[in-house]
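With mature numbering (1 follows the signal peptide of the UniProt record, and there is no 0) applied, the sequence shown covers -29 to -1, 1 to 171.
Positions of the beta carbon are idealized from the N, C-alpha and C atoms, including for glycine.
Predicted model, so just to flag it, every value in this text is computed and none were measured.
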Amino acid sequence: MKLRPSLVLAAATAALAPAVLLAAPAASAAPTGGQVVCKDDGSHPFDRSLRTGFSGIPAKIVAGSGFHAFTLHVENTGGRAYPQVDLRAFASQVDDDNVFTDFTHVTLQYKDRATGAWTGVPLDVDQPEEIRGRLGTTAVRPHESFSLALRVALDRTAPTSDASALSTGVYTDAEGNCVYTGEGYQAFRVQKAGAAKSTR
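Listed below in structure tokens is the structure:
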């Protein structure tokens, strides 16, 4: 299945269900396991005050070279609080048109801040859309910023290709509509097993 990054994010956040969150930052209110349910009419409005982004993803990852750590950043530049924000992250190999082509060789995990355990992020296209890419739901306070530890690996059978990681968040506005955060995007290169060491 081929999916453009924007369609991956829209499809994955169109139907939202409860989740146990990656524990939120210690300074934040305790995360809820409650439901974020919203209507997506296809317009995909964005809240520019609330954004996500990545740092630390290597420019090149060799297939079979193990996990590579990076960071997801969440930043609220505005003065409002968000009681529930559903966070998502994806990683996939892509084709020349930047279309998501293959999740099958990718393992993406986040570190649970409460337990320290690494937890897999569902990426398979056969997974229900409401759980694909899901990290969980958290409150975000005015002017709050926090980070989450992630890591990615490509199995030894992954072919040489371009790849990308994406992040987003979504919350419900007063009318029950889906509102999206600023998206994070980072391209990287996958090289077949046996190539030179992965680099940043």
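Item                                                                                                       : Value
Q162 and V33 closer than 8 Å at C-beta                                                                     : yes
Local conformation of G153 per DSSP, three classes                                                         : strand
Outcome for H39 when other beta-carbon atoms lying within 10 angstroms are tallied against a minimum of 16 : buried
Coarse secondary structure for V111, derived from DSSP in three states                                     : strand
Neighbour-count burial assignment, A(-18), 16 or more Cβ in a 10 Å radius                                  : Low local confidence applies: a pLDDT of 46 at A(-18) is under 50, so the model's placement there is unreliable, with the coordinate-based value given in what follows. Looking at its Cβ environment, which holds 16 or more other Cβ atoms inside 10 Å, A(-18) is buried.
Where V96 falls: helix, strand or coil (DSSP)                                                              : coil
Buried or exposed by the 16-neighbour rule on C-beta atoms within 10 Å, applied to A88                     : exposed
Same chain, Cβ closer than 7 Å to R22, five either side skipped, listed in chain order                     : E46, T152 and G153
Residue from S116, G140 and P99 with nearest C-alpha to G49                                                : S116
Opposing strand residues paired with I32 [DSSP bridges]                                                    : V161
Selected residue, minimal CA-CA separation from L119, among T143, A145, G107 and A166                      : G107
For T143 and D95, the rounded distance between their alpha carbons                                         : 26 Å
Closest Cα partner of Q80 within the set P113, D97, F41 and D133                                           : F41
Cutoff 6 Å; reference H44; Cβ partners in own chain excluding five residues on either side                 : G24 and S118
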